[in-house]
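K.L.:
For the sequence shown, this note's numbering begins at 327 and goes up steadily by one.
No residue lacks a Cβ here, since even glycine has one placed at the ideal position from N, Cα and C.
Would you mind keeping the following structure in view while I ask a few things?
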Amino acid sequence: MKKDIHPKYYQTTVRCACGHEFPTGSTRENIRVEICSKCHPFFTGKQKLVDSTGQVERFLRRYSKAPKKKAEEPAE
């Protein structure tokens, strides 16, 4: 292998928004995630509403302000 071209590999801790932490190896020193296996509905079996409505509302709000195009006349 060539020297000095590979990224450094760190022993790091992944931190979830729910507070769960677990060690892993990565090229990044710190990793923060929103959902992990301790709080994801697939692994827990519990239905948990993820805040995706905020993203949809933000999208609708952003594009409702955009000027609307006039309908073009059909080509003959």
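Identify the continuous beta strand (DSSP E) that holds P349 and give its terminal residues.
P.N.:
Taking the sequence shown and counting its residues from 1, one reaches residue 349 at position 23. Where P349 is concerned, the enclosing beta strand (DSSP E) stretches over 347-352.
K.L.:
Could you tell me whether the Cβ atoms of E355 and T338 are closer together than 7 Å?
P.N.:
For the purposes of this step, residue 355 is identified with residue 29 of the sequence shown, where counting begins at 1. For the purposes of this step, residue 338 is identified with residue 12 of the sequence shown, where counting begins at 1. For E355 and T338, yes; Cβs fall inside 7 Å.
K.L.:
Beta-carbon separation of V340 and T350 under 7 Å?
P.N.:
As a first step, residue 340 is located in the sequence shown; it is residue number 14 there, counting from the start. As a first step, residue 350 is located in the sequence shown; it is residue number 24 there, counting from the start. For V340 and T350, yes; Cβs fall inside 7 Å.
K.L.:
Would DSSP call Y336 helix, strand or coil?
P.N.:
Start at 1 with the first residue of the sequence shown, and residue 336 comes out as number 10. It is a strand residue.
K.L.:
Report all residues from its chain with a CB closer than 8 Å to the CB of Q381; omit the five preceding and five following residues, and keep chain order.
P.N.:
Here residue 381 refers to the residue found at position 55 when the sequence shown is read from its first residue. So no residue of the chain qualifies.
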